[in-house]
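Below is one structure, written out as structure tokens; the observations come after it.
Numbering (mature numbering (1 follows the signal peptide of the UniProt record, and there is no 0)), first residue to last: -21 to -1, 1 to 408.
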């Protein structure tokens, strides 16, 4: 979803885990779950811009015995409210959207949700990207928290004016050939710095994330054991980011700040390694920069940032009806409608060969047919288990990289210190 997802994660991390373990009461939030006209009423909590309010009347027309009450909230408030409701065992809706970054935080609350495999959701699995489906499962793959909605495959947005000034190609196909590997990216970064004086990318966080997300594993195995010391991938992503810091080609613009937003408009950096939904932020922050931004594949693969699931809390008195609605809402046909109406990039790969999907044009960008680039990125994302403490580890590594950049700290000492902090915090749980 097009929201500032990362801002809320710190708050969620410090919420006591004991909140989830509290009251086992299954007291229903919908004590009167029927409407005055005798219809079954389903309460649906959403956040952000989804376009679902336009689809709901279609479903109600097809199912005259169902009435759906959609309540749309602000991203942070929505997740905090849902977390509080399932922790208390009271006040949860029949259906709720959960952003991908929060799925891990609900794993300890598995008993507060219906297992969608019990409703036959396994029959739908082949309709969606494997990695997207996998994130919605429990570690042992026996429990499904939610049905998949949109995704955020990552690509390389780049400034055509900066590339041209640096003597790099501007055409997206030529750029894709020129910058195939991360070594190519480093070489281009040096060229940009030498010819324009500008950094290749905005900050350490996104360059590190780009490398991290292409790995076949993250920080934990499926038994939630920390593997960061024996697995080479996080350290490789860290070392590559350090290399770019030393070359002086990484900017120091914190995400979502006025300075970061402003640099999209003024061309403060050459590339932005970001998801499909970032195109709206670029257009919003730089409305007069038409054709100055273009989109190409990220070197060596892609990752994912964002997207959601639709879950059914155990309090629902009409779980079967809720499931049938959710299944309909995230069908490939309706994902196409959500994409056209609200820009939610679909997780149903059959749409990637759909002419109606591929013919979509966004004339703001230099290459106006942008959906094929995102679709190819989506197919390259790996199935990776993150674990409930993913953000804890992530935060400490980014802290280390920022110390290397801003305080000129020794990279190896910072890495070791980050590992020590991670182990200490995990031991306290």
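Built from N, CA and C at the ideal position, the CB exists for glycine as well.
By Cβ distance below 7 Å, which residues in the same chain neighbour residue i in space, the five residues on each side in sequence not counted?
i           : result
residue 159 : 278
residue 276 : 134, 135, 155, 352, 355 and 356
residue 127 : 107, 111, 112, 115, 288, 309 and 326
residue 330 : 311, 314, 315 and 336
residue 268 : 244
residue 359 : 280 and 281
residue 372 : 198, 207 and 401
Ignore the nearest five residues each way along the sequence and tell me which others in residue i's own chain have a CB closer than 8 Å to its CB.
i           : result
residue 11  : Only weak support is given to the placement of residue 11: the predicted model assigns it a pLDDT of 45, under 50, and the value that follows is read from those uncertain coordinates. Within the same chain, residue 11 has no close Cβ partners at all.
residue 7   : Unreliable positioning characterises residue 7 in this predicted model, as indicated by a pLDDT of 36, which lies under 50. A coordinate reading is not provided.
residue 251 : 135, 136, 137, 180, 181, 185, 243, 257 and 261
residue 232 : 181, 182, 238, 239, 242, 247 and 248
residue 140 : 246 and 271
residue 313 : 34 and 307
residue 386 : none
residue 369 : 83, 197, 198 and 199
residue -1  : In this prediction, residue -1 scores a pLDDT of 35, lower than 50, which makes its location untrustworthy; the coordinate-derived value is nonetheless stated afterwards. Once the five neighbours on either side are set aside, the close Cβ partners of residue -1 are 87.
Can you give me the C-alpha to C-alpha distance between residue i and residue j, rounded to a whole angstrom?
i           : j           : result
residue 169 : residue 226 : 7 Å
residue 361 : residue 130 : 13 Å
residue 210 : residue 191 : 12 Å
residue 143 : residue 177 : 13 Å
residue 349 : residue 203 : 37 Å
residue 157 : residue 82  : 37 Å
residue 24  : residue 383 : 42 Å
residue 88  : residue 66  : 8 Å
residue 394 : residue 400 : 10 Å
residue 196 : residue 52  : 33 Å
residue 49  : residue 305 : 13 Å
residue 94  : residue 390 : 44 Å
residue 228 : residue 379 : 18 Å
residue 99  : residue 121 : 12 Å
residue 40  : residue 46  : 9 Å
residue -18 : residue 282 : Any reading at residue -18 must be qualified, since the residue scores a pLDDT of 42, below 50, and its modelled position is unreliable; no value is offered.
residue 220 : residue 266 : 30 Å
residue 79  : residue 367 : 12 Å
residue 152 : residue 54  : 36 Å
residue 223 : residue 189 : 13 Å
residue 102 : residue 96  : 9 Å
residue 406 : residue 377 : 20 Å
Since residue i is in the alpha helix (DSSP H), which residue starts that stretch and which ends it?
i           : result
residue 260 : 257 to 264
residue 218 : 212 to 226
residue 387 : Neither: residue 387 is in no alpha helix (DSSP H) and is coded neither H nor E.
residue 313 : 311 to 321
residue 69  : Segment: none, residue 69 is in no alpha helix (DSSP H) and carries neither H nor E.
residue 188 : 183 to 191
Which residues in the same chain have their Cβ closer than 6 Å to the Cβ of residue i, if we skip the five residues on either side of it in sequence?
i           : result
residue 345 : 139, 270 and 273
residue 64  : 70 and 71
residue 213 : 207
residue 194 : 212
For residue i, report the span of its beta strand (DSSP E) as first-last.
i           : result
residue 51  : 45 to 52
residue 134 : 125 to 138
residue 78  : 74 to 78
residue 20  : 19 to 26
The region 284 to 302 / the region 70 to 80 touching (three or more Cβ pairs under 8 Å): When C-beta atoms of the region 284 to 302 are compared with those of the region 70 to 80, three or more pairs fall below 8 Å, so the two segments count as touching.
Those runs of the alpha helix (DSSP H) which lie wholly inside the region 228 to 288 and span at least 4 residues: The region 228 to 288 is shown to contain whole alpha helix (DSSP H) runs of 4 or more residues at 237 to 245 and 257 to 264, in chain order.
Inter-stretch contact at 8 Å, needing at least 3 Cβ pairs: the region 329 to 347 / the region 58 to 66: With the cut-off at 8 Å, the region 329 to 347 and the region 58 to 66 do not touch.
Segment contact, 8 Å Cβ cut-off, at least three pairs: the region 319 to 335 with the region 103 to 115: Enough Cβ pairs lie closer than 8 Å, so yes.
The region 27 to 38 contacting the region 314 to 324, beta-carbon criterion three pairs below 8 Å: As far as the Cβ criterion goes, the region 27 to 38 touches the region 314 to 324, which means the pair count is three or higher.
Segments assigned alpha helix (DSSP H), at least 4 residues, entirely inside the region 323 to 377: Counting only runs of 4 or more, we get 334 to 337 and 350 to 359.
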